[in-house]
Structures are given as C-alpha cells and as structure tokens.
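Below: the structure, in structure tokens.
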Amino acid sequence: MSHLLDLILEPTADEQQTLQVQRLAIRLAGRDLWLEADGSGGLNIFADSQDDEEQTPVLVLRPQALNALGLSIALETFADEGDENHVHDADCGCDHDH
130 MSHLLDLILE PTADEQQTLQ VQRLAIRLAG RDLWLEADGS GGLNIFADSQ
180 DDEEQTPVLV LRPQALNALG LSIALETFAD EGDENHVHDA DCGCDHDH
C-alpha cells in the first residue's frame, strides 16, 4: 500500500489541483491537525502534542466495506518513546497502531 495521500485542492469553485504528499496538516484553533496514510489503506489523524501533554489522541480511519469505515482511537504516550521529538509514521518502528 502507498504511504502517499492523493490530494485534491480547490482554490476556486471552478479550479482543481491534484498532488501527492506524505503528510498534510491543517491549522485548527492554533494546533496542527495532521493526516497521513498508514500504509494499510487507512488514514491516521492526530494533533501535534503540546509541551505540557504526555499523551496525544490518534484516530485511525480504515475502509471496511463498500460504504463502511472503521475508526479506532488510541492515546499514544510519547514519554515512553525515549525521544520527545519522535514522529509517528508508517516506518517509525514503534508498536503503536497507526
């Protein structure tokens, strides 16, 4: 499975642009909300953790059938990683479900 996301951007109502990216962030209420392919046909959705947070919620969205999606939610503890700059992605090597 691909680790790239196919994006369709629509700057105006009659114009579309397409591109592929590894990760995408949307700034929402002062936090970056990240979307990335999980390499298994699903999508990881998570927010950057703040300095005072020890856990970050991660949502994993996966297609289940023609008109169904599976959603799992996990709290990931970055203090256990030993690296506070750890970035979760499909090749990060940790045992988290993302």
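Those letters in the sequence shown? Residues 130 to 227, by my numbering.
Backbone N, C-alpha and C define an ideal beta-carbon position, used for all residues, glycine too.
I'd like the span of the beta strand (DSSP E) that includes residue i, first residue to last.
i, result
"L195", "It is not in any beta strand (DSSP E) - L195 carries neither H nor E in the DSSP assignment."
"E144", "E144 to V150"
"L133", "No beta strand (DSSP E) holds L133; DSSP gives it neither H nor E."
Going by beta carbon distance, what residues of the same chain come within less than 8 Å of residue i, once the five residues before and after it are set aside?
i, result
"Q149", "L133, L134, D135 and L136"
"G159", "none"
In whole angstroms, give me the CA-to-CA distance for residue i and residue j.
i, j, result
"S201", "T141", "34 Å"
"D161", "L195", "31 Å"
"Q151", "Q179", "22 Å"
Provide the residue(s) that pair with residue i in DSSP beta bridges, ordered along the chain.
i, result
"Q184", "T206"
"D161", "R156"
Closer than 8 Å, CB to CB, is residue i near chain C or not?
i, result
"D167", "Checking the listed chains, one finds no chain C in this structure; it contains a single protein chain."
With a CB to CB cut of under 6 Å and the five nearest residues on each side skipped, what residues in its chain are close to residue i?
i, result
"G199", "R191 and Q193"
Could you tell me if the beta carbon of residue i falls within a distance shorter than 7 Å of some heavy atom in the ligand SAM?
i, result
"L134", "In the structure on display, the ligand SAM does not appear, and there are no ligands present to speak of."
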